[in-house]
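For reference, the structure discussed in these notes is given below.
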Amino acid sequence: MSTSFTATEFFQQVQNGTALLLDVNPAHAYSKAHPAGSYNVPFHRQGWGEEVKRALNGQSPPLGVFADNAVIAEAAKASLTAAGLTVPFTFERGVKGWEQEGLPLERVKDLTVDELAQNLDNYVVVDVREPYELRSGIVPGAINIPMGQLQGRLNELDKSKPHAIICASGNRSASAASWLSQQGLEVANVVGGMSLWMGGRHPVDRV
Amino acid sequence: MIFLPIWDGSHGCASFIVGDDADGRGIVVDPLAVIGADTYILNAAEMGLKIVDVIETHVHADHHSIARELAEKTGLLVSMGHRAPLATAFNPLHEGDRIDLGGVHVTVLETPGHTPDSISLVVTDTTRSPDPWLVLSGDSLFVGDVGRPDLVDPTPELTERAALDQFHSIHDKILSLPDTTELYPAHYGASACGGLFLSPKPISTVGYERRWNRFAQITDPEEFVSQLLSLLKPPPVDAAAIRSQNLGNLKTH
Numbered sequence: 355m356s357t358s359f360t361a362t363e364f365f366q367q368v369q370n371g372t373a374l375l376l377d378v379n380p381a382h383a384y385s386k387a388h389p390a391g392s393y394n395v396p397f398h399r400q401g402w403g404e405e406v407k408r409a410l411n412g413q414s415p416p417l418g419v420f421a422d423n424a425v426i427a428e429a430a431k432a433s434l435t436a437a438g439l440t441v442p443f444t445f446e447r448g449v450k451g452w453e454q455e456g457l458p459l460e461r462v463k464d465l466t467v468d469e470l471a472q473n474l475d476n477y478v479v480v481d482v483r484e485p486y487e488l489r490s491g492i493v494p495g496a497i498n499i500p501m502g503q504l505q506g507r508l509n510e511l512d513k514s515k516p517h518a519i520i521c522a523s524g525n526r527s528a529s530a531a532s533w534l535s536q537q538g539l540e541v542a543n544v545v546g547g548m549s550l551w552m553g554g555r556h557p558v559d560r561v
Numbered sequence: 104m105i106f107l108p109i110w111d112g113s114h115g116c117a118s119f120i121v122g123d124d125a126d127g128r129g130i131v132v133d134p135l136a137v138i139g140a141d142t143y144i145l146n147a148a149e150m151g152l153k154i155v156d157v158i159e160t161h162v163h164a165d166h167h168s169i170a171r172e173l174a175e176k177t178g179l180l181v182s183m184g185h186r187a188p189l190a191t192a193f194n195p196l197h198e199g200d201r202i203d204l205g206g207v208h209v210t211v212l213e214t215p216g217h218t219p220d221s222i223s224l225v226v227t228d229t230t231r232s233p234d235p236w237l238v239l240s241g242d243s244l245f246v247g248d249v250g251r252p253d254l255v256d257p258t259p260e261l262t263e264r265a266a267l268d269q270f271h272s273i274h275d276k277i278l279s280l281p282d283t284t285e286l287y288p289a290h291y292g293a294s295a296c297g298g299l300f301l302s303p304k305p306i307s308t309v310g311y312e313r314r315w316n317r318f319a320q321i322t323d324p325e326e327f328v329s330q331l332l333s334l335l336k337p338p339p340v341d342a343a344a345i346r347s348q349n350l351g352n353l354k355t356h
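Going line by line, the protein sequences match chains A and B. Counting in the numbering used here, the first sequence runs from 355 upward without gaps. Counting in the numbering used here, the second sequence runs from 104 upward without gaps.
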């Protein structure tokens, strides 16, 4: 399986649904911009390839790796390959390079905590932290749907309203926001999450 | 805030990753060849950080730097004090320059003495406090000691001038920070860049050193210079070669 593709060729397969493109950059980078249709699976060294394999649930589509530099791209490819997955495509020139190839990007809108505080009435705030994390307080009126339950509880969200997605630091919410945006919701990611919300002395509800 | 010291005990060298977990941007300071550029890239990625700056506190004379390789692999230029004698492009840092990593701010202090281009980096997490939380003091103030002034040019005249610079860097800059500021120098223990009193402990606070560091106690510049020069260790045999290689390392391309 040493077939390799150009970015345009591989992207064509992603669009056809015959291949998956994994953006392995940190969530904040992904949130700022990522290849259209890519999924964010931030790379780490311990058993990452096995985690991807488990998430694929028995499927083994050809995988593309999208990274900011060759070090991460190669490490991610090696980890996937070691888990028995097929990686016919790696891209190591990040968002700038993707743009230079003339290929489309997606961006999730960023929302600062101050912007959210000023427009709180205009958003449904979705807190994707785990229930035990809420003890430090939540944004007034926020609803809690832990990251892992999003897929199953999508119908609880109102497609006609804008949503502000928040977590502890803005990492999980970035992934959640990009997935929700792919499901057709109007979403924004709250940068810095509850850490900056509370650091900015904005009000919280206790739960 | 993310703060990860990466130490090399065999040479007594310290390197650091500093970043903001709520923002996803980070910097690497004084990366070490024995650790390897890829390790910094992978560590930063695992903590959710994109490396946006690679900073050297000075041109090192005791160990090999990997700053240029790390910068190349991450598509950056190395940042150094503007007086660094490099022939080719680097990003020059000046007193008061501030690198904003979301809520974490990194402010440059020029602290010449060990070398003319030496800088220190004051790190503040504005989501916690307006006060600095820590300072990466490079080879200015060490734990128990100060950076030696004789490795760039060992002639008595220039060594003396460098020692006087070191006095002002330490007393006017580093020791003007609040007592609670943590101190993370570039060296500890076995390093050749310190003197007879360099502690094997890699971390201190500004307050502890103000009170217990013998050089911080000396408030007279002449006395400081005279003490510093009389307490010098012999220079490491390979200092000039390593320094020139680090200069060359940074010069090539």
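Note that beta-carbon positions come from the ideal geometry of N, C-alpha and C, so glycine has one too.
Under the 10 Å beta carbon count, B/A190 is surrounded by fewer than 16 other beta carbons and is classified as exposed.
Pairing B/E159 with B/I120, the inter-Cα distance amounts to about 12 Å. Note that the C-beta distance between A/V419 and A/W551 is not below 7 Å.
Contact annotation: A/A383 and B/K153 have beta-carbon atoms nearer than 7 Å. At least one CB of chain A lies nearer than 7 Å to the CB of B/I144. The DSSP-derived three-state label of A/W452 is helix.
With the criterion set as a beta carbon lying under 7 Å from some beta carbon of chain A, the members of the segment 146–159 of chain B are A148, E149, G151, L152, K153, in sequence order. Under the Cβ criterion of 7 Å, B/K176 is counted among the residues facing chain A. Rounded to whole angstroms, A/S535 and A/V462 show a C-alpha spacing of 8 Å. For A/I426, the enclosing alpha helix (DSSP H) starts and ends at 424–436. The straight-line gap separating the alpha-carbon atoms of B/L267 and A/L434 is approximately 56 Å. The C-beta of A/H517 comes no closer than 7 Å to any C-beta of chain B.
Scanning chain B for C-beta atoms nearer than 7 Å to the C-beta of A/S523 yields D124, A125, reported in chain order. The Cβ atoms of B/C296 and B/D165 lie closer than 7 Å to each other.
Residue burial is scored here from C-beta neighbours: B/S347 has fewer than 16 other C-beta atoms within 10 angstroms and is therefore classed as exposed.
Under the criterion of beta carbons closer than 8 Å, B/H114 and B/N349 do not qualify as touching, at roughly 14 Å. No Cβ-Cβ contact shorter than 7 Å links B/L280 with B/S240.
For B/H271, the enclosing alpha helix (DSSP H) stretches over residues 259–271. Against chain B, the CB of A/L550 has a partner CB under 7 Å away; the residue lies at that interface.
The beta carbon of A/F397 falls within 7 Å of a beta carbon belonging to chain B, placing the residue at that interface.
Neighbourhood of A/N423 in chain B, by CB distance below 8 Å: I144, K176, T177, G178, in chain order. By the neighbour-count criterion, in which a residue is buried when 16 or more other Cβ atoms sit within 10 angstroms of its Cβ, B/Q269 is buried.
With a cutoff of 7 Å on beta-carbon distance, A/V544 and A/A522 are scored as not near each other. Look at A/S549 here: in three-state DSSP terms it is helix.
Taking all protein chains shown into account, B/E325 has fewer than 16 neighbouring C-beta atoms within 10 Å of its C-beta and is therefore exposed.
In this structure, B/H161 lies near B/S221, with their beta-carbon atoms less than 7 Å apart. B/H197 and B/E213 have their C-alpha atoms spaced approximately 7 Å apart. At least 7 Å separates the CB of A/A390 from every CB of chain B. If you draw a straight line from the Cα of B/P337 to the Cα of B/G122, it comes to about 38 Å. Each of B/D111, B/V155, B/V226 was checked against the Cα of B/R128, and the nearest Cα belongs to B/V155.
In this structure B/Y291 touches B/P303 by the C-beta definition: roughly 6 Å separates them, less than 8 Å. In the structure shown, B/D141 adopts helical secondary structure according to DSSP, grouped into three states. For A/G412, there are no neighbours in chain B by C-beta distance under 8 Å, as the nearest C-beta there is about 27 Å away. Contacts between A/I520 and chain B, judged by CB atoms closer than 8 Å, are missing: the closest CB pair is about 11 Å apart. Taking the C-beta atoms as reference points, B/I277 is found nearer than 7 Å to B/L244. B/P324: member of the alpha helix (DSSP H) spanning 324–333, first to last residue.
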